[in-house]
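Heads up: the sequence shown at position 210 corresponds to 241 in our numbering, and the numbers run straight through without jumps. For glycine and all other residues, C-beta sits at the position ideal for the given N, C-alpha and C.
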Amino acid sequence: MKNELSIAFIGGGNMAAALASGLAGKVCPAGNIHVIDINQDGHAAWQARGMTTATAPGEALARCRVWVFAVKPQNMKDVVASTRQWLRDDTLVVSVAAGIRADTLAAWLGTPDAPFERLVRCMPNTPALVGAGITGLAALDGVSDADRELAASLLASVGQVVWVADDAALDGVTALSGSGPAYVFLFLEALVAGGLKVGLTEDQAKQLALGTLAGATRLAAESTEPLAVLRERVTSKGGTTAAALAAFGAAGFTGIVEDAMAAAALRSRELAEEFGK
32 MKNELSIAFI GGGNMAAALA SGLAGKVCPA GNIHVIDINQ DGHAAWQARG
82 MTTATAPGEA LARCRVWVFA VKPQNMKDVV ASTRQWLRDD TLVVSVAAGI
132 RADTLAAWLG TPDAPFERLV RCMPNTPALV GAGITGLAAL DGVSDADREL
182 AASLLASVGQ VVWVADDAAL DGVTALSGSG PAYVFLFLEA LVAGGLKVGL
232 TEDQAKQLAL GTLAGATRLA AESTEPLAVL RERVTSKGGT TAAALAAFGA
282 AGFTGIVEDA MAAAALRSRE LAEEFGK
């Protein structure tokens with residue numbers, strides 16, 4: 032834990048709460064975390080954990096080594112403008128705001144001709160709320176190796192981290208892991224519905240579906256063998272699994288997933304254009 036490290040969360044929503052909970056007492060003391068949230072009703076919960084709060088940016092920002100922007104993308108430009116006067120050259124800016132490209136944010140923090148490039152853009156996902164997230168990160172050229180290590184440690188407090196090259200790659204991260212929990216929940220819903228149709232109760236189907244997904248993903252994570260080999264080992268020729276996979280194939284399952292991810296990546300690019308104006 033770094034007792035000297037101070038962090039400001041600009042925005043106090045669910046993702047900020049998850050990150051702050053992961054950081055407090057592990058990466059830095061809770062008293063070194065400052066939260067800016069216009070919703071004053073939520074301040075008591077932050078303060079109860081030993082953190083300081085404010086409803087608007089102020090002098091406290093200048094004393095924070097790291098700023099984490101966690102606001103809605105449609106509000107980001109105005110929020111950045113309200114913080115700029117307290118930005119220092121040695122501030123590390125981390126953005127977990129969806130839809131705002133790193134170069135756009137850098138220009139807002141600085142100017143179009145002199146962007147602020149000590150910036151890491153991140154795409155976390157909702158399992159971070161239970162400490163099981165995975166986050167894609169991309170750094171601008173002004174980010175040092177030490178800054179990268181620090182940014183990674185912040186996001187690693189709520190799960191795994193994966194570095195990618197740039198905003199374009201983060202569109203892919205958005206399509207896979209950012210939106211991915213919804214795909215998994217949809218698949219779980221389908222498994223439960225299928226279970227009901229083959230004679231299980233809803234509770235039985237849900238327990239079996241959750242256990243199957245958890246066990247299969249753990250096996251895939253811990254095995255050194257390719258996913259295809261693991262799939263083939265469950266699939267006896269002419270057996271039940273082969274029949275099920277044939278039905279998936281006939282419905283174009285792989286193509287459906289690829290099309291869904293392409294649609295998500297395209298929408299990510301479109302949102303970046305909309306919010307970046």
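Excluding the 5 residues flanking residue i on each side, which residues of the same chain have their C-beta closer than 6 Å to its C-beta?
i: Thr157; result: Pro212
i: Ala159; result: Ala49, Val189 and Gly190
i: Leu123; result: Val97, Arg149 and Asp178
i: Gly43; result: Val66, Asp68 and Gly73
Comparing alpha-carbon positions, which option in the options lies nearest residue i?
i: Val111; options: Gly141, Thr83 and Cys95; result: Gly141
i: Arg152; options: Val223, Ala163, Val97 and Asp144; result: Val97
i: Met107; options: Ala133, Thr243, Thr232 and Cys59; result: Ala133
i: Phe284; options: Phe218, Gln71, Ile69 and Ile41; result: Phe218
i: Ile165; options: Gly44, Ala291 and Val195; result: Val195
i: Ile41; options: Ala91, Gly81, Leu231 and Gly167; result: Ala91
i: Ala200; options: Ala296, Arg80, Gln78 and His74; result: Ala296
i: Ala85; options: Cys59, Asp120 and Ala39; result: Ala39
i: Ala138; options: Arg115, Val127, Pro155 and Ala129; result: Arg115
i: Gly225; options: Val215, Ala240 and Tyr214; result: Ala240
i: Asn70; options: Arg80, Asn45 and Gly53; result: Asn45
i: Asp198; options: Ala129, Glu233, Gly162 and Phe100; result: Ala129
Using DSSP with H/G/I as helix, E/B as strand and the rest coil, what is residue i?
i: Ser126; result: strand
i: Thr114; result: helix
i: Gly162; result: coil
i: Val97; result: strand
i: Arg149; result: coil
i: Met154; result: strand
i: Thr84; result: strand
i: Thr255; result: coil
i: Ile287; result: helix
i: Gly89; result: coil
With a 10 Å radius around its C-beta and 16 neighbouring C-beta atoms as the bar for buried, classify residue i as buried or exposed.
i: Pro143; result: exposed
i: Val66; result: buried
i: Thr255; result: exposed
i: Asn63; result: buried
i: Met32; result: exposed
i: Pro88; result: buried
i: Leu171; result: buried
i: Leu185; result: buried
i: Ser210; result: buried
Could you pull out every residue in the same chain whose Cβ sits closer than 7 Å to the Cβ of residue i, ignoring the five residues on either side in sequence?
i: Lys237; result: Val223
i: Gly307; result: Ile131, Arg132 and Thr135
Flag residue i as yes if its beta-carbon sits less than 8 Å from any beta-carbon of chain C, otherwise no.
i: Leu239; result: You won't find chain C in this structure, because it holds only one protein chain.
Taking only runs that begin and end inside the segment 36-71, name each unbroken alpha helix (DSSP H) of 4 or more residues, in chain order.
For the segment 36-71, the continuous alpha helix (DSSP H) assignments of 4+ residues that do not extend past its boundaries occur at 45-54, in sequence order.
4 or more residues per run - each alpha helix (DSSP H) lying fully within the segment 166-239:
176-187, 198-204 and 211-228
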